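Engineer: Going left to right, the sequence shown walks through residues 1 to 661 as the UniProt record's numbering numbers them.
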Amino acid sequence: MVRLDAIKLTNPIDGLKVDDVMEEHDSNNEDNDDEEYDDEEDGFGRRGPFDYDYDDEDDGYVCRDPFEHVIEFDSYFQVYLESHPSMSVNLEENEESMPPAAENHPCVEEYSNPPPHSQGNSAPADENTPIQKGTKRRRGRPQEKKIVSSDARSTIVHVMQDFKVGEIVKFKVELINRARVQSVKANREFKVTHLDPKRFVVTCADKNCKWRLRGTLSKSHCGWVIHSYEKHHSCSIYLRQKVKRGAATAETIAHMIKNDENDTIRMQEMLESKYGMKVSYWKAWKARQIGNHIVRGTPESSLLGLPSYLWLLEEANPETYTAYQLDKNNCFEAWFLALGSSIGGFRTCIRPVIAVDESHLKGRYKGKLYGNNQIYPLAFCVAATENDHIWSWFFEKFHHVIGARDDLVFIFYRHPSIEKCCLKEFPDAVYGICMFHLGLNMAARYKVKAKEFLYGVAKAYTEIDFKEMIHQVQATKKNVYDYLIDANPKKWDRCYFSARRYSIMTTNIPESMIALLKEACEFPILEMLEIIRTKLQGWFHDRLQLAKQWTSTLTPYAERKLSKRDDKSRHFKIYPIDQWRFYMLDGQDNATVDINLQTCTCMKFQLNQLPCSHAIRDSKERGLSIYTVASSLYTLECLRMAYAILVNQYNIEVNGASHSS
1 MVRLDAIKLT NPIDGLKVDD VMEEHDSNNE DNDDEEYDDE EDGFGRRGPF
51 DYDYDDEDDG YVCRDPFEHV IEFDSYFQVY LESHPSMSVN LEENEESMPP
101 AAENHPCVEE YSNPPPHSQG NSAPADENTP IQKGTKRRRG RPQEKKIVSS
151 DARSTIVHVM QDFKVGEIVK FKVELINRAR VQSVKANREF KVTHLDPKRF
201 VVTCADKNCK WRLRGTLSKS HCGWVIHSYE KHHSCSIYLR QKVKRGAATA
251 ETIAHMIKND ENDTIRMQEM LESKYGMKVS YWKAWKARQI GNHIVRGTPE
301 SSLLGLPSYL WLLEEANPET YTAYQLDKNN CFEAWFLALG SSIGGFRTCI
351 RPVIAVDESH LKGRYKGKLY GNNQIYPLAF CVAATENDHI WSWFFEKFHH
401 VIGARDDLVF IFYRHPSIEK CCLKEFPDAV YGICMFHLGL NMAARYKVKA
451 KEFLYGVAKA YTEIDFKEMI HQVQATKKNV YDYLIDANPK KWDRCYFSAR
501 RYSIMTTNIP ESMIALLKEA CEFPILEMLE IIRTKLQGWF HDRLQLAKQW
551 TSTLTPYAER KLSKRDDKSR HFKIYPIDQW RFYMLDGQDN ATVDINLQTC
601 TCMKFQLNQL PCSHAIRDSK ERGLSIYTVA SSLYTLECLR MAYAILVNQY
651 NIEVNGASHS S
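1. Curious, which full-length beta strand (DSSP E) runs of at least 3 residues does the region 452-514 contain?
2. Based on Cα-Cα distance, which residue from E468, G432, F426, K620 lies nearest to R414?
3. Smallest Cα separation from N608: which of D196, C495, G538, R405?
4. Can you look up P416 in the DSSP assignment and give me helix, strand or coil?
5. Please report how far the alpha carbon of A384 lies from the alpha carbon of C331, in whole angstroms.
6. Could you give the residue range of the beta strand (DSSP E) that holds G432?
7. Looking at C-alpha atoms only, which residue of M267, I616, F346, A547 is the closest neighbour of I574?
8. Could you spell out where the beta strand (DSSP E) holding residue 680 opens and where it closes?
9. Going by C-alpha to C-alpha distance, which of D618, W539, W580 sits closest to A644?
10. Would you call the region 424-444 in contact with the region 476-494, where contact means no fewer than 3 C-beta pairs closer than 8 Å?
11. Can you list, in chain order, the residues of its chain with a C-beta nearer than 8 Å to that of K449? Leave out the 5 residues immediately preceding and following it.
12. Quick check: the Cα distance between K278 and L313, rounded to an integer number of angstroms?
13. Could you name the residues of the same chain whose beta carbon sits closer than 8 Å to that of E419, not counting the 5 residues immediately before and after it, in chain order?
14. Who are the near neighbours of G345 in its chain, counting only those whose CB is closer than 8 Å to its CB and skipping five residues on each side?
15. Please specify which runs of the beta strand (DSSP E), each continuous and at least 3 residues long, are wholly inside the region 160-241, giving them in chain order.
16. In angstroms, rounded to a whole number, what distance separates the CA positions of E319 and L529?
17. Which residues does DSSP pair with K573 in a beta bridge?
18. Pull up the CB-CB distance for S417 and D388, whole angstroms please, since I reckon it's below 8 Å.
19. State the CB to CB distance for the pair I350 and V409, rounded to an integer number of angstroms; the pair is presumed to be in contact (CB under 8 Å).
20. First and last residue of the beta strand (DSSP E) that includes D406?
21. If distances are taken between C-alpha atoms only, which option among T506, L303, F497 comes closest to L526?
22. Got a sec? Which residues, its chain only, sit under 8 Å from V165 by beta carbon, not counting five neighbours each side?
23. How should N479 be labelled, buried or exposed, when 16 other C-beta atoms within 10 angstroms of its C-beta is the threshold for buried?
24. Along the alpha helix (DSSP H) that carries C381, what are the first and last residues, could you check?
25. Should G246 go down as buried or exposed, given a rule of 16 or more other Cβ atoms within 10 Å for buried?
26. Who are the near neighbours of I390 in its chain, counting only those whose CB is closer than 7 Å to its CB and skipping five residues on each side?
27. Does the pairing of the region 594-607 with the region 560-580 give three or more beta-carbon distances under 8 Å?
28. With a threshold of 8 Å on Cβ separation, who are the neighbours of Y461 within its own chain once the five nearest residues in sequence on each side are excluded?
29. Helix, strand or coil: how does DSSP classify Y324 here?
30. Can you tell me which residues form a DSSP beta bridge with W335?
31. Would you mind sorting residue 721 into buried or exposed? The rule is 16 or more other CB atoms within 10 Å of its CB.
32. DSSP beta-bridge partners for C602?
33. Taking only the alpha-carbon atoms, compute the straight-line gap between P489 and K467 and give it to the nearest angstrom.
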């Protein structure tokens with residue numbers, strides 16, 4: 001969980017302003033252009049005064065201000081710690097200025113812990129050692145000149161362009177990052193010659209080279225203006241050959257590959273094969289994390305924008321219901337989302353069977369099957385933990401969305417919190433067990449195949465079929481039989497279930513949603529919500545357009561079912577009983593159909609609300625259309641109504657990027 005109060009820091013050291021630090025640096029070091037920097041980051045190569053990373057164990061406690069430009073503040077503060085040993089900074093003396101539990105804040109150690117299987121050889125610095133006045137910690141590395149190293153023979157940046165004279169750059173950190181990238185593009189090293197709050201000048205490492213970039217702060221333009229730029233290098237090829245590959249920081253690489261979707265290992269291979277860069281697993285992983293945060297924002301900043309985003313979502317989509325939950329310490333616990341489009345379709349056009357399950361990606365959502373037997377997403381919830389409190393909050397919000405219904409059915413796996421909390425909010429609903437999870441536990445415990453010992457029993461429509469198959473299980477595996485009986489067949493078997501569960505025997509509806517929304521669960525909350533909203537927008541639009549193209553009376557799913565049953569019913573022998581009832585011989589399972597009550601002794605007619613083969617033959621004998629005895633939930637008109645309320649679009653800025661949503 002992320003502490004919302006802990007990330008509202010304005011400065012890790014009270015009263016220390018970035019501009020003041022840079023002005024003092026300028027006054028104390030006006031003529032010290034050759035100051036040497038040797039603070040190498042975990043063996044990643046030489047670092048110049050602006051080759052900062054988001055974290056540095058040598059810097060002690062560094063926390064980003066979520067209300068300012070994150071990278072800009074971080075870079076200034078880090079440069080100060082590296083470049084100004086004469087300034088008195090002792091984090092222990094200033095610990096009173098830090099908020100409670102600041103040491104546990106995610107900003108502090110977000111990148112300090114190496115990923116699993118890290119190939120880096122770095123060793124963490126002693127966190128208890130403060131930065132003393134007039135000192136700068138060394139690691140026994142040789143001193144280097146103030147030079148920022150390049151990484152490759154050509155750039156792989158897709159969004160950063162070359163500089164233009166007169167161009168306005170909003171932040172100095174953006175100017176610095178682009179200068180680094182241009183160094184990589186030209187396969188040259190450059191040197192910072194002037195650095196102060198109002199001026200930034202870099203030249204080629206070769207003093208005889210004409211390459212030069214000069215930018216100054218312009219208050220009238222609210223940014224940095226490129227006053228002069230000589231983009232062509234005049235230095236020798238010999239100097240290019242001396243450039244060391246793989247010497248860039250992870251932050252520099254992040255700006256180069258931030259739009260790349262490869263995993264860490266493939267990123268390593270890509271950098272080496274295409275650009276001659278050999279980077280460690282640790283650096284590649286770190287660059288990938290920073291790149292994701294540059295593009296999509298940090299989890300902390302994402303949480304800060306959650307209330308506004310949910311409000312805008314409700315404004316753009318009528319009847320939409322959203323909520324989020326914080327604990328007593330103001331920490332994020334969960335968010336809930338039910339779009340008005342889904343709510344409207346559920347109330348009129350959807351079979352009232354809801355599958356509930358916990359996903360493997362720490363998310364939960366409810367899904368339903370409509371008449372075409374496809375997933376109909378109804379509500380989403382993501383929580384930091386799973387306990388009775390969260391499940392209770394979840395079902396409370398869901399009850400607010402759909403209200404109470406007499407025919408409501410919930411299907412879930414055998415989780416005590418789910419059943420207990422669901423029963424509290426929906427006391428009149430009927431609860432069933434997921435056949436798949438029951439079989440999974442049975443197979444793990446008794447080393448048997450669930451398909452052989454459970455699925456046929458659970459799907460039995462009649463009590464006769466159930467008893468026949470369960471007795472076979474008893475004769476074969478007595479312990480499996482006892483396990484299934486203890487699980488209460490009224491919860492998992494179709495024929496004993498006290499309500500209609502249609503063909504929904506498992507909770508693999510949420511699992512299927514996981515496959516479609518897997519990418520969303522890897523991102524910060526706002527990006528996750530935006531991906532989910534975009535997916536739903538596409539689904540509703542595409543399925544509505546597809547439904548408008550169909551010309552049948554029922555949905556394609558129902559039409560296929562009835563077609564197969566119609567073929568089977570041709571050979572039935574019919575014996576009338578009275579005005580409404582027929583007795584039929586099908587050569588295997590004889591049945592009695594009551595077309596008025598829409599029931600059949602085979603139980604398929606009333607449990608699925610779709611005519612069985614006996615009901616189809618009965619309708620033909622009476623000259624009735626089989627469509628008149630099928631539930632309206634299977635009609636094409638009902639399907640179109642389920643997607644009639646589309647997910648609306650709106651423009652919103654998420655993590656600094658404009659989304660047309």
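The beta carbon of each residue, even a glycine, is placed where N, CA and C say it ideally should be.
All values reported here derive from a predicted model rather than from experimental measurement.
Structural biologist: In this structure, then:
1. none
2. G432
3. C495
4. Assigned with DSSP and collapsed to three states, P416 falls in helix.
5. 10 Å
6. 430-433
7. I616
8. Since the first residue of the chain shown is 1 and the last is 661, residue 680 is not available in this structure.
9. Out of D618, W539, W580, W539 has the C-alpha closest to the C-alpha of A644.
10. yes
11. A443
12. 45 Å
13. F412, Y431
14. Y370, Y376, M641, A642, Y643, A644, I645
15. 190-196, 199-204, 212-218, 223-230
16. 17 Å
17. For K573, which the question treats as bridged, DSSP gives the partners L585.
18. 5 Å
19. The pair is not a contact, with the Cβ atoms about 12 Å apart (cut-off 8 Å).
20. Neither: D406 is in no beta strand (DSSP E) and is coded neither H nor E.
21. L303
22. I226, H227, S228, Y229
23. exposed
24. Counting along the chain, C381 falls outside any alpha helix (DSSP H), though it belongs to the beta strand (DSSP E) covering 375-383.
25. Per-residue confidence for G246 stands at a pLDDT of 43, beneath the threshold of 50, marking its modelled position as unreliable; the derived number appears in the next sentence. Buried: at least 16 other Cβ atoms inside 10 Å.
26. Taking C-beta separations shorter than 7 Å and ignoring five residues to either side along the sequence, the partners of I390 in its chain run E333, A334, A383, following chain order.
27. At 8 Å Cβ cutoff, the stretches touch.
28. R494, C495, C602, M603, K604, L607
29. strand
30. Y324, V382
31. The question about residue 721 has no answer, for the chain in this structure spans 1 to 661.
32. Answer by DSSP bridge pairing: none, since C602 is not bridged.
33. Roughly 11 Å separates the two Cα atoms.
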